[in-house]
Amino acid sequence: MPKSCYLIDGHYQIYRSFYAPFRNLTSPSGEPTRATYVFFQMLFNILRERQPDYLAMVMDVSDERTFRREIDPEYKAHRPPPPEDLVLQQDRIVSLVEAAKIPILSLEGFEADDLMASIAHRLRDEDVELYLVSRDKDLEQLLSDRVKLYDAASQEVIDAETLRRKKGYDPREALEIQTLTGDSTDNVPGVPGVGLKTALKLIREYGSAENVVRHADELSPKLAERLRAFTDRLPVTRKLVTLRTDVPLSFDLRDCAVDRIDLSALRQPFRELSFRRLAEQLDAMLPDDDKPEPSASPRKSETKYELIDTPQRFAEFAERLSRQTVFAFDTETTGLNPVAADIVGLSFCWKEGEACYLPLRAMLGKALSPGEVFARLGPLFEDPKVRKVGQNIKYDLVVLLQQGVRTRGVSFDTRLASFLLDPDARSHSIETLARRWFDHDMIPITDLIGKGKNQITLDQVDTRRVCEYAAEDADYTWRLYRVLTAQMEGSFAAPLFHETEVPLIEVLAEMEHTGIALDTAHLERIGKRIRKRMDELTERVHKLAGRPFNLDSPKQLAEVLFDEQGLHVVRKTKTGRSTDQDTLATLTAATDHPIPPLVLEYRELAKLKSTYIDTLPKMVCPRTGRIHASFDQTGTVTGRLSSRDPNLQNIPVRTEMGRQIRRAFVAGDDDHVLLSADYSQIELRLLAHFSEDEGLCRAFEEGRDIHRMVAAEIHGIPLDDVTAEQRSRAKAVNFGIIYGQTAYGLARALGIPVGEAQDFIDAYFERFPGIRTFIDRCVEKAKESGYAETILGRRRPIRELRSRNHQQVSLGKRLAVNTVVQGSAADLIKRAMLAIHAAGNRNRFTARMTVQVHDELLFEIRRDRVEKEAPRIRRLMETAMSLRVPLVADIAWGPNWAETKP
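Quick note on numbering: the sequence shown equals residues 638 to 1539 in the working numbering.
And the structure:
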């Protein structure tokens, strides 16, 4: 049986690792490491799964000093310089490969492809199968019975037979085809207008590229003319695409033996880079003699966690705490809802490895008096000069508000800092961050309270065990604070973090603690009406179908629509024929069949019923009689706040049923009303600000109806002649532009032909050229830098723009524009919230912020103070930022959210 040798195409695999669909990674020192991590995942997979006998990495030396550049100075000359992060990680990867004693083969004047071709030529008589770890099509000309390509991503082996089956040509023909088509990737010109299909047909008929040119007269006049024009270029292109097999490389197969590799040399670098999972894979691959000795648990050998459970210990602790200028703390409770849960204890840390736990509620062990604890510690929490640090500290602030303590001086949240620095990371939990930065596994809460029906609450656990758990939380919050402070300071995110996001934590905590009252009787009445309407719809659909079936079953609905009613299948999924919302909407628009629109209405009502009508009353806190939603600063990459328990962002605005649900959110009593402060067309105003488009800016400055003005400009008619339909279309385009809507999307939204929609978009950009320039600028900047940036400096990585997939690139273009506009709108309303909160504290506003949804703030305010406080709120919102166009906030108030009036 032949032995196997794997040659890794170094530059190709590093480039592929850099652009892999994998979350951003950075080391504790701030070094970008995603490509490094993905590369070594690939390497370990080869070693583990393919078990090669020989292994080496082949690298280019320089594009500028190859023999091909001497043949044609334009060879690869169009390529932009690689991103700085890619260069840094390439250097790191090469150094680690060298440390592991994996041979790196390179030679001045030649490319990696030539080295692999030459090695393949030298090994042609050896009993060795050669696998080239690459999908570069340039290597297809090398394939034979003993030379194969290996796709590390899909783990697919491509041999000569696979090439014939998948692409329709053999390795010999690959070179001839490439001679005719050239290679746009390397700036190698081919015959204009000749692609793979045409080239393959010509090579099959004439045998070689030279013969094709010789028989040009036998082909169509246009193609013949192009081939004749290519005659002088053909020898140059052929030399450029032909791989050299005579490279004078010093190569000995024995040097590449896998048993010479020293993977143990990677252990320390992986630890420094926080490659925990790779380190585990590494240890599993090492022989027992090379495996590290198990170390003692850091919890026991390197930490000092104190249980403060007596008045004397508490007095000593309080004295120590009072001397600190900054400390990390964490609260332990009986549940996830900070308003409804009972506080169980507090943990504190201000020195790595040392922490204290104060039990306040315990069945097994002693506990301190909460009243005495907060009487002594309350002033420290409320002192803005004493800096507080936490992990998701907003939760702790709400818990303390329940105890009558209004925390001031919040200076750092590790979860929030991690999110701003790396918004693409899947998780910013303390468990994830401790593992990432310190290679440490936190104690799972389930170790203490169990799971499922046998789960208990934390106050039922022995205080000594709770101490170990809670103190560890405070300890690793402090450690993360030290690490992430170094990451944050001087970074792009620092101003946004310190000036906006951290101050907002206290605002959101008070907003969550305030909550909002709910009219449950109103919801009950709506529920009855919805149930009645759903029953009516079910009866009508059954009658039209000719038989009863379960409307909630996609499978049964598909049988009725496609098998029995004969409707055309729109889309198939892995589970069968789709009957989702888009499919039903398409069937509704494309046919006059009555069932799809009825099912759409039924599903909308069912969703509203399950999400809001049935659920909201269960979310009312028994202690307060109010709903206390949670607002998350790390929920969206654009910076918009997200809400949960309940999700208030998704309540329909324009439907009657959505308005009825909003009507259930009410003022707490007759002495108060709800006041809505809503930014008017904020995203379009930001679009005008960023684009500086003269027409759009003028319209806002003059206070015109922006949609009517756009319609008038596009159609070339007076404002007074604009019809309702024309205004509606202009409105759809205005907002569609922000979200990157295509002509197809606009046509579908307006029910018009695609051509007409494209004409509308073209006319829009012709009349407002500044917007087109802005969009192009956003995309170009994101393409160059790798991210889109909001007005306050929030960055969102846009890797899609560097994809080779057209759909991904199109998505990236939309995200680049949308992030700038929508993300800046999020920045703006956060600034407004801070301004209103600060002014409210200074001037003793009765208005209390209760809800934030997109561009709207909802307050509960004393009825007799509305006339005085409403104008102040409006002024603060309209001056929260200085833009090139005026900001306008619409203010209205009333007894509930739906019935607010100016």
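Here a beta-carbon is modelled for each residue, glycine too, at the ideal position from N, C-alpha and C.
Taking Cβ positions, are residue i and residue j nearer each other than 9 Å?
{"i": "Tyr-773", "j": "Asp-920", "result": "The sequence given here has Asp at residue 773, not Tyr. Not a contact, by the Cβ cut-off of 9 Å."}
{"i": "Thr-1225", "j": "Pro-1191", "result": "no"}
{"i": "Pro-1234", "j": "Leu-1221", "result": "yes"}
{"i": "Ala-1266", "j": "Asp-1156", "result": "no"}
{"i": "Arg-1502", "j": "Phe-1482", "result": "yes"}
{"i": "Gly-1332", "j": "Phe-1402", "result": "no"}
{"i": "Glu-1497", "j": "Leu-1312", "result": "yes"}
{"i": "Arg-998", "j": "Val-981", "result": "yes"}
{"i": "Glu-745", "j": "Val-695", "result": "no"}
{"i": "Thr-1094", "j": "Lys-1003", "result": "no"}
{"i": "Val-1236", "j": "Leu-1188", "result": "yes"}
{"i": "Asp-1033", "j": "Thr-968", "result": "yes"}
{"i": "Ile-756", "j": "Leu-644", "result": "yes"}
{"i": "Arg-685", "j": "Met-922", "result": "yes"}
{"i": "Asp-1112", "j": "Thr-940", "result": "yes"}
{"i": "Thr-879", "j": "Leu-776", "result": "no"}
{"i": "Ile-1030", "j": "Leu-692", "result": "no"}
{"i": "Glu-1105", "j": "Ile-1080", "result": "yes"}
{"i": "Glu-1143", "j": "His-1352", "result": "no"}
In terms of residue numbering, what span does the alpha helix (DSSP H) encompassing residue i cover?
{"i": "Cys-893", "result": "Segment: none, Cys-893 is in no alpha helix (DSSP H) and carries neither H nor E."}
{"i": "Ser-1066", "result": "Counting along the chain, Ser-1066 falls outside any alpha helix (DSSP H), and DSSP gives it neither H nor E."}
{"i": "Pro-1390", "result": "Where Pro-1390 is concerned, there is no enclosing alpha helix (DSSP H), given that its DSSP letter is neither H nor E."}
{"i": "Ser-781", "result": "Careful: Ser-781 lies outside any alpha helix (DSSP H) and carries neither H nor E."}
{"i": "Gly-1295", "result": "1293 to 1299"}
{"i": "Ile-1545", "result": "Residue 1545 lies beyond the stretch modelled for the chain, which goes from 638 to 1539, so this question has no answer here."}
{"i": "Thr-850", "result": "The question names Thr, but residue 850 in the sequence shown is Val. Element bounds for Val-850: 846 to 851."}
How would you label residue i, buried or exposed, when you count the other beta carbons within 10 angstroms and need 16 or more for buried?
{"i": "Glu-909", "result": "exposed"}
{"i": "Asp-1078", "result": "exposed"}
{"i": "Leu-973", "result": "exposed"}
{"i": "Ile-708", "result": "exposed"}
{"i": "Gln-1270", "result": "buried"}
{"i": "Gly-819", "result": "buried"}
{"i": "Ile-1428", "result": "buried"}
{"i": "Ser-959", "result": "exposed"}
{"i": "Ala-1394", "result": "buried"}
{"i": "Asp-869", "result": "exposed"}
{"i": "Pro-1060", "result": "buried"}
{"i": "Ser-932", "result": "Per-residue confidence for Ser-932 stands at a pLDDT of 43, beneath the threshold of 50, marking its modelled position as unreliable; no derived number is given."}
Who are the near neighbours of residue i in its chain, counting only those whose CB is closer than 7 Å to its CB and skipping five residues on each side?
{"i": "Tyr-843", "result": "Val-849 and His-852"}
{"i": "Gln-1445", "result": "Glu-1437"}
{"i": "Gln-1318", "result": "Ile-1343"}
{"i": "Ala-1195", "result": "Gly-1213, Arg-1214 and Thr-1216"}
{"i": "Arg-1451", "result": "Tyr-1376 and Gly-1377"}
Cutting at 6 Å between CB atoms, please list the residues of its own chain near residue i, excluding the five before and the five after it.
{"i": "Leu-915", "result": "Phe-677 and Phe-907"}
{"i": "His-1135", "result": "none"}
{"i": "Glu-1426", "result": "Arg-1432"}
{"i": "Asp-788", "result": "Arg-772"}
{"i": "Leu-860", "result": "none"}
{"i": "Trp-1115", "result": "Ala-965 and Cys-986"}
{"i": "Leu-1524", "result": "Glu-1515"}
{"i": "Ile-1298", "result": "Tyr-1249 and Ile-1288"}
{"i": "Arg-729", "result": "Thr-673"}
Is residue i near the ligand HEM, judged by its Cβ being under 8 Å from some heavy atom?
{"i": "Phe-985", "result": "The ligand HEM is absent from the structure shown, which contains no ligand whatsoever."}
Take residue i and list the residues in its own chain whose beta-carbon comes closer than 8 Å to its own, dropping the five residues that flank it on each side.
{"i": "Leu-1058", "result": "Thr-663, Leu-1121, Gln-1124, Met-1125, Ser-1128 and Ala-1130"}
{"i": "Leu-864", "result": "Val-828, Val-849, Val-850, Ala-853 and Leu-856"}
{"i": "Asn-682", "result": "Ala-789 and Gln-792"}
{"i": "Arg-660", "result": "Arg-671, Asp-1059, Asp-1061, Ala-1062 and Arg-1063"}
Where does the unbroken beta strand (DSSP E) through residue i begin, and where does it stop?
{"i": "Val-981", "result": "980 to 988"}
{"i": "Lys-1022", "result": "Counting along the chain, Lys-1022 falls outside any beta strand (DSSP E), and DSSP gives it neither H nor E."}
{"i": "Ala-992", "result": "991 to 996"}
{"i": "Gln-1040", "result": "Counting along the chain, Gln-1040 falls outside any beta strand (DSSP E), and DSSP gives it neither H nor E."}
{"i": "Gln-1092", "result": "Neither: Gln-1092 is in no beta strand (DSSP E) and is coded neither H nor E."}
{"i": "Arg-1499", "result": "1493 to 1499"}
{"i": "Leu-769", "result": "765 to 770"}
Contact between the stretch 883 to 895 and the stretch 1040 to 1047: three or more CB pairs below 8 Å?
No contact exists between the stretch 883 to 895 and the stretch 1040 to 1047.
Spell out a yes or no on whether the stretch 1470 to 1490 and the stretch 1317 to 1332 are touching, meaning 3 or more CB-CB pairs, one atom from each, closer than 8 Å.
No, the stretch 1470 to 1490 does not touch the stretch 1317 to 1332.
Should the stretch 1085 to 1092 be called in touch with the stretch 945 to 955, which here means at least 3 C-beta pairs below 8 Å?
No, the stretch 1085 to 1092 does not touch the stretch 945 to 955.
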